[in-house]
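End of the sequence shown = 446 in my numbering, gap-free, step of one. Just below is one structure, and these are the notes that go with it.
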Amino acid sequence: MLSRLSRPKAVALCALPVVALLATAAFAPLPFAVAQPGMTANVLGENKGAPVITISGAPTRTTKGQLRMTTIVATGPDVRVHLGDVIDGWNRTDRAVMPRDAVYPSGDNLEEIERHNTEQMKQSQDAATRAALTYLKLSDKDVKVTLKLADVGGPSAGLLFTLGIIDKLRGDGHGGDLTGGRTVAGTGTIDASGRVGAVGGVALKTQAAYRDGASVFLVPRAECTDAKAELPKGLRLVPVTTLKSAVDALVSLEKGKGVPSC
Numbered sequence: 185m186l187s188r189l190s191r192p193k194a195v196a197l198c199a200l201p202v203v204a205l206l207a208t209a210a211f212a213p214l215p216f217a218v219a220q221p222g223m224t225a226n227v228l229g230e231n232k233g234a235p236v237i238t239i240s241g242a243p244t245r246t247t248k249g250q251l252r253m254t255t256i257v258a259t260g261p262d263v264r265v266h267l268g269d270v271i272d273g274w275n276r277t278d279r280a281v282m283p284r285d286a287v288y289p290s291g292d293n294l295e296e297i298e299r300h301n302t303e304q305m306k307q308s309q310d311a312a313t314r315a316a317l318t319y320l321k322l323s324d325k326d327v328k329v330t331l332k333l334a335d336v337g338g339p340s341a342g343l344l345f346t347l348g349i350i351d352k353l354r355g356d357g358h359g360g361d362l363t364g365g366r367t368v369a370g371t372g373t374i375d376a377s378g379r380v381g382a383v384g385g386v387a388l389k390t391q392a393a394y395r396d397g398a399s400v401f402l403v404p405r406a407e408c409t410d411a412k413a414e415l416p417k418g419l420r421l422v423p424v425t426t427l428k429s430a431v432d433a434l435v436s437l438e439k440g441k442g443v444p445s446c
């Protein structure tokens, strides 16, 4: 024999599974990482007491201004991220919730991740050196470039490394600084031919750049929309697709000419 439940009892009974699911979600680890603006470093200067760029085999310039590479900091692959962390990240402009696999594509093992990031950084540095010397029509048999940036991995500093090498060797090509004396920040991978590639976390990187005094931010053109999402007031976005477009934009800024914008 079946009996009919009253409406309040029926609603309460149906709500039980939902409450149970929410309770489970609140305490269960979720496959996300929470990221925030990280450190920046002036590639024309020193990092932890050592020059970021060292060049031999060619005369170098004394530079003014700064070229700051930017980073994000994310919770580690072994950190348990819960629903409360995700909701908090969604509600803050200085946090981003990202799929953990997007942040750590090489797996959950810390040793493997560090090795992967170190390899990517080394490949990025090699490509940056080749791109810069090719742009300047210099031979890597005569000019030796050493890049050193402690505790930073991945390929996203490639563009800034390349610009730093060019500024130290040639500047703007007319006796001036490539930066025009400004603090310029940015992000982007680079290959040996000078093509600039997209990276992740640009909205957080613009915040790190502004925090550390940048007035101009170079961004891969494909990521203009992301970069504008939480853009600090007073930070100018300059989209680039190649090394040449980045150099041309900086020279135009120095001369007070118009440059592309996002």
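Glycine is no exception: its CB is placed at the ideal position from the N, C-alpha and C atoms.
* **Selected residue, minimal CA-CA separation from Gly-378, among Val-257, Thr-244, Thr-425 and Val-443** => The residue labelled residue 378 in the question sits at position 194 within the sequence shown. When only C-alpha atoms are compared, the closest one is Thr-425.
* **Beta-carbon contacts of Thr-346 that lie in its chain and below 7 Å, excluding the five residues immediately before and after** => As a first step, residue 346 is located in the sequence shown; it is residue number 162 there, counting from the start. Within the same chain, Thr-346 has close Cβ partners Ala-312, Ala-315, Ala-316, Ile-374 and Leu-427.
* Out of Ala-382, Lys-412 and Gly-359, state which residue places its alpha-carbon closest to the alpha-carbon of Glu-438. => Counting from 1 along the sequence shown, the entry for residue 438 is found at position 254. Ranking the options by Cα distance to Glu-438, first place goes to Gly-359.
* To do: For Met-305, name the three-state secondary structure that DSSP assigns.
  => Position 121 of the sequence shown holds residue 305. Correct three-state label for Met-305: helix.
* Asked: Between Arg-366 and the rest of its own chain, which residues show a CB-CB distance below 7 Å, the 5 nearest in sequence each way excluded?
  -> Within the sequence shown, the letter at position 182 stands for residue 366. Gly-249, Ser-399 and Val-400.
* **Whether Ser-308 touches Ala-286 by CB criterion (8 Å)** => Residue numbering aside, residue 308 sits at position 124 when the sequence shown is read from its first letter. Residue numbering aside, residue 286 sits at position 102 when the sequence shown is read from its first letter. No, these two residues do not count as a Cβ contact at 8 Å.
* Asked: Looking only at C-alpha atoms, which of Lys-232, Leu-343 and Asp-432 sits nearest to Leu-251?
  -> On the sequence shown, position 67 is the one that residue 251 refers to. Nearest of Lys-232, Leu-343 and Asp-432 to Leu-251, Cα basis: Leu-343.
* Should Ile-349 and Val-368 be called a contact, given that it needs their Cβ atoms to be closer than 8 Å? -> Start at 1 with the first residue of the sequence shown, and residue 349 comes out as number 165. Start at 1 with the first residue of the sequence shown, and residue 368 comes out as number 184. Not closer than 8 Å, so no.
* Look at the Cβ atom of Val-336, then the Cβ atom of Gly-370, and state whether they are nearer than 8 Å. => Counted from its first residue, the sequence shown places residue 336 at position 152. Counted from its first residue, the sequence shown places residue 370 at position 186. Result no, Cβ atoms of Val-336 and Gly-370 do not sit closer than 8 Å.
* Rounded to whole angstroms, what's the CA-CA distance from Thr-409 to Pro-423? Just pull it up for me. => For the purposes of this step, residue 409 is taken as residue 225 along the sequence shown, with counting starting at 1. For the purposes of this step, residue 423 is taken as residue 239 along the sequence shown, with counting starting at 1. C-alpha separation (whole angstroms): 11 Å.
* To do: Drop a sphere of 10 angstroms on the beta-carbon of Ile-256, count the other beta-carbons inside from all chains shown, and report buried for 16 or more, exposed for fewer.
  => Within the sequence shown, numbered from 1, the residue matching residue 256 stands at position 72. Answer is buried; the Cβ neighbour count reaches 16.
* Nearest to Leu-415 (by Cα), restricted to the options Lys-389, Gly-229, Asp-326 and Thr-246 -> Counting from 1 along the sequence shown, the entry for residue 415 is found at position 231. The shortest Cα separation from Leu-415 among Lys-389, Gly-229, Asp-326 and Thr-246 belongs to Lys-389.
* If we count the other Cβ atoms within 10 Å of its Cβ and call it buried at 16 or more, is Pro-339 buried or exposed? -> By one-based count along the sequence shown, residue 339 stands at place 155. Buried, because 16 or more other Cβ atoms sit within 10 Å of the Cβ of Pro-339.
* Asked: From which residue to which residue does the alpha helix (DSSP H) around Leu-344 run?
  -> Locating residue 344 in the sequence shown gives position 160, where the first residue counts as 1. Per DSSP, Leu-344 belongs to the alpha helix (DSSP H) from 342-353.
* Integer Cβ distance of Gly-372 from Ala-280, believed to fall under 8 Å -> Your numbering for residue 372 matches position 188 in the sequence shown. Your numbering for residue 280 matches position 96 in the sequence shown. Wrong, their Cβ atoms sit about 18 Å apart, outside the cutoff.
* C-alpha gap between Leu-205 and Asp-432, whole angstroms -> On the sequence shown, position 21 is the one that residue 205 refers to. On the sequence shown, position 248 is the one that residue 432 refers to. Below a pLDDT of 50, predicted positions are generally treated as unreliable, and Leu-205, at 41, falls in that range; the measurement from the model is reported next regardless. Cα to Cα, Leu-205 sits roughly 55 Å from Asp-432.
* What does a CB cutoff of less than 6 Å around Asp-351 pick up in its chain, not counting 5 residues either side in sequence? -> Along the sequence shown, one-based indexing puts residue 351 at 167. Excluding residues within five positions, the ones whose Cβ falls inside 6 Å are Thr-247 and Leu-362.
* **Reduced DSSP category for Arg-245 - H, G, I as helix; E, B as strand; rest coil** => Looking up residue 245 in the sequence shown gives position 61. Correct three-state label for Arg-245: coil.
* Asked: Is the beta carbon of Thr-224 within less than 7 Å of some heavy atom of the ligand PLP?
  -> For the ligand PLP, the structure offers nothing, since it holds no ligand at all.
* Report the option in Leu-353, Asn-293, Thr-224 and Ala-334 whose CA atom is closest to the CA atom of Leu-322. => Counted from its first residue, the sequence shown places residue 322 at position 138. Nearest option by C-alpha distance: Leu-353.
* **Neighbourhood of Arg-284 by C-beta distance below 7 Å, restricted to the same chain and skipping five residues each side** => On the sequence shown, position 100 is the one that residue 284 refers to. Closer than 7 Å at Cβ, skipping near neighbours: Pro-215, Phe-216, Ala-217 and Pro-261.
* **Three-state secondary structure (DSSP) of Thr-254** => Indexing the sequence shown from 1 puts residue 254 at position 70. The answer is strand: DSSP assigns Thr-254 an E or B state.
* What three-state label does DSSP hand Gly-268 in the structure shown? -> Taking the first residue of the sequence shown as position 1, residue 268 is located at position 84. In the structure shown, Gly-268 sits in a helix (DSSP, three-state: H, G or I).
* Could you give the distance in angstroms between the alpha-carbon of Pro-444 and the alpha-carbon of Arg-264? -> Residue mapping note: residue 444 aligns to position 260 of the sequence shown, counting from 1. Residue mapping note: residue 264 aligns to position 80 of the sequence shown, counting from 1. Their backbone Cα atoms lie some 42 Å apart in a straight line.
* Can you give the Cα-Cα distance for Leu-333 and Thr-318, rounded to whole angstroms? -> As a first step, residue 333 is located in the sequence shown; it is residue number 149 there, counting from the start. As a first step, residue 318 is located in the sequence shown; it is residue number 134 there, counting from the start. Using only the alpha carbons, I get a separation of about 23 Å.
* To do: Give the single residue among Ala-225, Gly-241 and Ala-242 whose Cα lies nearest to the Cα of Ala-234.
  => On the sequence shown, residue 234 is found 50 positions in, with the first residue counted as 1. Considering only alpha carbons, the answer is Ala-225.
* To do: In angstroms with no decimal places, state the Cα-to-Cα distance between Asp-310 and Gly-241.
  => On the sequence shown, position 126 is the one that residue 310 refers to. On the sequence shown, position 57 is the one that residue 241 refers to. For Asp-310 and Gly-241, the distance between alpha carbons rounds to 17 Å.
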